[in-house]
Amino acid sequence: MNELLLIVIGSVLVNNFVMSQFLGICPFLGVSKKTETALGMGMAVTFVMALASLITYFIQAYLLVPLKLEYMQTIAFILVIAVLVQIVEIALKKISLSLYQALGVYLPLITTNCAVLGVALLNTREGYNLIESVVNGTSAAIGFTIAIVMFASIRERLATGNMPKWMDGFPGALITAGLMSLAFQGFSGLIQ
Amino acid sequence: MKNKSLFHVFTNGLLNENPTFRLLLGMCPTLAISTAASSGVGMGLATTFVLVFSNMVISMLRHIIPERVRIPGFIVVIATFVTIIDLVIKAFLPSMSDTLGIYIPLIVVNCIIFARAESYAFKNPVIPSAVDGLGMGLGFTCSLTLLSSVREIIGSGKWFGMQIMPDAYKPMSVIITPSGGFLTLGILLLIVNGIVKYIGKRKQMKARGEIA
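Those sequence lines, one after another, are chains A and P. Following this note's numbering, the numbering of the first sequence begins with 1 at its first residue and continues without gaps. Following this note's numbering, the numbering of the second sequence begins with 1001 at its first residue and continues without gaps.
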């Protein structure tokens, strides 16, 4: 149990995917103009990352390792993730139309979110077992959601605030993200 | 004429549509590995290799791959070349493989490669596509080298691992931490935007004949 708790705190706060490992920067910068859309993106990513950790674990343990095809890992994982995102999209449309309408726009974007492939690769590199992989995937995604929602709310305030004109757009956004990341570094002493 | 247009395709990626500073694509590897100039160059060249070959193969297959399944097709081609470069780096440059870590397999989801496949290679013949990949890749390498040189010199007083700052200089280690990556890129972007605006203004003034 302690191990799992360490993984959760580690991936949500200490090794936050966006703030300290730079995974998932594209949606972080692209879909963070409004808090609501940021929350939608975060939820879609959480859903897909938890599922992807689960499925890539089975692919690795029961397909690639027994067949000695570990070097095909990258190709296998990215294909599985692309297919998974498609299936989730189709399934959501059938099962819950309201959830589909909330998440729908963000789902196709997730295939190229490097956080999803990143968590799958990290899970196998760290040698996590099934439960640890899923916990790690979910908590990393929660960390992503926290970061993107916080960033979006800061940007919302800055949009109406008194920003110097030459800092508008990406330069200002990057410097904001830098200051946020500095704050997240404060967590680094949390786990020895 | 033909050579001139190829040259134009090549410089397009280097300057006008520089992936990092103008298009803001491929941010994850840019920020993550730019703590030392040597890893910046390594990452840039690995990406260039993948870009050139995936552009070439996708352009060769552009009449064979049906339009509707082109995205999975691109993914397979790109992932194949990423696996090749990953294995090559592991075999010949093990220390580079350690520093770049999971960011090499993550070249697969680098948006630059996808964007070039979709917007250029799928519509153009083989040679221009290869040149486009080379230009984009070298543009990416140059901006990565620039960013990582700035971070390495300020953050640890070294450049390509050699001490170049005087002993009295105290390295600002915040620049090589993750937050320094965001800050440095933000400031560089400000400078580049400023230069682009200045050049644009001068061109306009020249067109109106206000300056010689």
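No residue lacks a Cβ here, since even glycine has one placed at the ideal position from N, Cα and C. This structure is a prediction, so every number in the text was calculated from the model and none was measured.
{"Asked": "For L1006 of chain P, which of P:A1130, P:L1146 and P:D1098 has the nearest alpha-carbon?", "Found": "P:A1130"}
{"Asked": "I'd like to know whether the C-beta of S1083 of chain P is nearer than 7 Å to at least one C-beta of chain A.", "Found": "The amino acid occupying residue 1083 of chain P in the given sequence is Thr; Ser does not appear at that position. So, interface residue."}
{"Asked": "Is the shortest distance between the beta-carbon of M1001 of chain P and the beta-carbons of chain A less than 7 Å?", "Found": "Residue placement at M1001 of chain P cannot be trusted, given a pLDDT of 38 that sits under 50; what the coordinates show is reported in the next sentence. So, not an interface residue."}
{"Asked": "Could you compute how far the alpha carbon of S1149 of chain P sits from the alpha carbon of I90 of chain A?", "Found": "46 Å"}
{"Asked": "Please tell me whether I1176 of chain P and G1155 of chain P are closer than 7 Å, where the distance is taken between their beta carbons.", "Found": "yes"}
{"Asked": "Helix, strand or coil for K989 of chain P, going by three-state DSSP, please let me know.", "Found": "Residue 989 of chain P lies beyond the stretch modelled for chain P, which goes from 1001 to 1212, so this question has no answer here."}
{"Asked": "Give me the subset of the region 88-103 of chain A whose CB atoms are less than 9 Å from a CB atom of chain P, sorted by chain position.", "Found": "none"}
{"Asked": "Quick one: does S32 of chain A have its CB under 7 Å from some CB of chain P?", "Found": "no"}
{"Asked": "Run down chain P in chain order and give the residues with a C-beta less than 8 Å from the C-beta of F170 of chain A.", "Found": "L1024, G1186 and L1189"}
{"Asked": "Identify each residue in the region 143-161 of chain A for which the Cβ-Cβ distance to at least one residue of chain P is less than 7 Å, and report them in chain order.", "Found": "none"}
{"Asked": "Can you list, in chain order, the residues of its chain with a C-beta nearer than 7 Å to that of I55 of chain A? Leave out the 5 residues immediately preceding and following it.", "Found": "V80 and L84"}
{"Asked": "From S1039 of chain P to I1075 of chain P, what does the alpha carbon distance come to, in whole angstroms?", "Found": "25 Å"}
{"Asked": "Are the Cβ atoms of G1181 of chain P and V1174 of chain P separated by less than 7 Å?", "Found": "no"}
{"Asked": "Please return the same chain residues whose Cβ sits closer than 7 Å to the Cβ of K1158 of chain P, not counting the five positions on each side in sequence.", "Found": "E1152 and I1164"}
{"Asked": "Just checking: is the beta-carbon of S20 of chain A within a distance shorter than 7 Å of some beta-carbon in chain P?", "Found": "yes"}
{"Asked": "Could you say which of A:Q21, A:I7 and A:G186 lies nearest to G1101 of chain P if we only look at CA atoms?", "Found": "A:Q21"}
{"Asked": "Roughly how many angstroms lie between the CA atoms of Y1120 of chain P and T46 of chain A, to the nearest whole one?", "Found": "33 Å"}
{"Asked": "Which residues, in order along the region 1105-1139 of chain P, keep a beta-carbon less than 7 Å from a beta-carbon of chain A?", "Found": "P1105, L1106, V1108, V1109, C1111 and F1114"}
{"Asked": "Provide the residue span of the alpha helix (DSSP H) that contains F47 of chain A, from first to last.", "Found": "T35 to I59"}
{"Asked": "Taking C-beta to C-beta, are V1077 of chain P and I78 of chain A nearer than 7 Å?", "Found": "no"}
{"Asked": "Are the beta-carbon atoms belonging to A44 of chain A and Y128 of chain A less than 7 Å from one another?", "Found": "no"}
{"Asked": "Going by DSSP, what residue range makes up the alpha helix (DSSP H) through K1090 of chain P?", "Found": "R1070 to F1092"}
{"Asked": "Is the Cβ of S181 of chain A closer than 7 Å to any Cβ of chain P?", "Found": "yes"}
{"Asked": "What's the gap between the Cα of L39 of chain A and the Cα of K94 of chain A?", "Found": "22 Å"}
{"Asked": "Determine the extent of the alpha helix (DSSP H) in which K93 of chain A is found, giving its start and end residues.", "Found": "Q73 to I95"}
{"Asked": "Check the Cβ of T1177 of chain P against every Cβ in chain A and list those closer than 7 Å, keeping chain order.", "Found": "Q185"}
{"Asked": "Looking at the unbroken alpha helix (DSSP H) that takes in Y128 of chain A, where does it start and where does it end?", "Found": "Note, Y128 of chain A: premise wrong, no alpha helix (DSSP H); not H, not E."}
{"Asked": "With distance defined between alpha-carbon atoms, name the residue in A:L182, A:F58, A:F17 and A:K34 nearest to T124 of chain A.", "Found": "A:F58"}
{"Asked": "Which one or two residues does DSSP pair with Q1163 of chain P in a beta bridge?", "Found": "P:K1158"}
{"Asked": "Using the Cα positions of P1066 of chain P and G1073 of chain P, report the straight-line distance between them to the nearest angstrom.", "Found": "9 Å"}
{"Asked": "Along chain A, in chain order, which residues have C-beta atoms closer than 9 Å to that of A1032 of chain P?", "Found": "Q21, F22, L23 and I25"}
{"Asked": "Would you please state the rounded distance, in angstroms, between the beta carbons of S181 of chain A and P1178 of chain P? I believe it to be under 8 Å.", "Found": "5 Å"}
{"Asked": "Whole angstroms are fine: how far does the CA of G1194 of chain P sit from the CA of K1203 of chain P?", "Found": "14 Å"}
{"Asked": "Can you pull the chain P neighbours of T112 of chain A, defined as C-beta to C-beta under 7 Å?", "Found": "V1109, C1111 and F1114"}
{"Asked": "Using a Cβ-Cβ cut-off of 8 Å (strictly less than) and excluding sequence neighbours within five positions of M1001 of chain P, which residues of its own chain qualify?", "Found": "Residue placement at M1001 of chain P is flagged as unreliable, the pLDDT there being 38, under the threshold of 50; the coordinate-derived value follows with that caveat. Correct list: empty, nothing qualifies."}
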